[in-house]
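Here my numbering is used: position 41 in the sequence shown is 41, and no number is missing along the way.
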Amino acid sequence: DEGCVIEAVGTISRSMAGLGFLYTNKESISLGIGCLVSDFAATMESPSALLDAMKNHPSIRPLIAGSEVKEYAAHLIPEGGYRAIPQLFGDGWVIVGDAAQLNNAIHREGSNLAMTSGRVAAEAIIKVKSRNGPMTKGNLALYKTMLDESFVIKDLKKYKD
Numbered sequence: 001d002e003g004c005v006i007e008a009v010g011t012i013s014r015s016m017a018g019l020g021f022l023y024t025n026k027e028s029i030s031l032g033i034g035c036l037v038s039d040f041a042a043t044m045e046s047p048s049a050l051l052d053a054m055k056n057h058p059s060i061r062p063l064i065a066g067s068e069v070k071e072y073a074a075h076l077i078p079e080g081g082y083r084a085i086p087q088l089f090g091d092g093w094v095i096v097g098d099a100a101q102l103n104n105a106i107h108r109e110g111s112n113l114a115m116t117s118g119r120v121a122a123e124a125i126i127k128v129k130s131r132n133g134p135m136t137k138g139n140l141a142l143y144k145t146m147l148d149e150s151f152v153i154k155d156l157k158k159y160k161d
């Protein structure tokens, strides 16, 4: 039941700030490249060409031989962190995940922070609703209180500087 993580820097990202990664899952692998958008713009490098080069790298090619692509996705990940967290709640709304800048660029983690912030937001909304409270900024401040008590904000505070 153990997996494997391979991360590569340097030539794999063609000297752009970033890295390549291969993560094993239960029945699949995740293979990808992460680089700064500014580097892609400056070099005019194609993300798909960079991924193709990684797939053909002598250290990676044998690991994916005979495999087929089941899913292909690309998205921007904000490099926000603790100091970039915006107002997280207002009258009738809360912000979670990437939109809330809840990511840790140092450890390249964000999915766990996004899922947890979504769960915490739902729990806060359910509590407000169970008290027959309106979804006002004052009532939804509970989300921020609960998020502050979770590992999400505690972890992000560790890396704020």
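The beta-carbon is built from N, C-alpha and C at its ideal position, and this holds for glycine as well.
For the putative contact between residue i and residue j, defined by C-beta atoms under 8 Å, what is the C-beta separation to the nearest angstrom?
i      : j      : result
Asn103 : Leu113 : 6 Å
His57  : Ile12  : 6 Å
Asp98  : Gly90  : Incorrect: roughly 18 Å between the Cβ atoms, too far for contact.
Ser28  : Lys70  : 6 Å
Ala122 : Leu142 : Not quite, the Cβ-Cβ distance comes to about 12 Å (not below 8 Å), so this is no contact.
Leu140 : Val128 : 7 Å
Give me the DSSP bridge partner(s) of residue i.
i      : result
Tyr23  : Val5 and Ser30
Asn139 : Answer is none; Asn139 lacks a bridge partner.
Asn104 : Glu109
Within a Cβ cutoff of 7 Å, which residues of the same chain sit near residue i, ignoring the five residues on either side of it in sequence?
i      : result
Ser150 : Thr116 and Val120
Ala8   : Leu19 and Gly20
Lys137 : Phe89, Gly90 and Asp91
Ile77  : Asp98, Asn103 and Gly110
Spatial neighbours of residue i within its chain, please: CB distance less than 8 Å, with the 5 preceding and 5 following residues excluded, ordered by chain position.
i      : result
Ala17  : Cys35, Leu36 and Asp39
Gly81  : Gln101, Asn103, Asn104, Ala105, Leu156, Tyr159 and Lys160
Thr43  : Arg14 and Met16
Pro86  : Ile95, Ala100 and Gln101
Asn25  : Gly3
Gly133 : Asn139
Would you check if the distance between the CB atom of residue i and the CB atom of residue j is smaller than 8 Å?
i      : j      : result
Leu22  : Ile60  : yes
Val152 : Gly118 : no
Ile33  : Pro47  : yes
Near residue i, which residues of its chain fall below 6 Å by C-beta distance, leaving aside the five closest residues on each side in sequence?
i     : result
Val5  : Tyr23
Gly66 : none
Go through the stretch 28-94 residue by residue and report every complete run of the alpha helix (DSSP H) that reaches 4 residues or more, in order. List check, alpha helix (DSSP H) in window: 37-43, 47-55 and 61-64.
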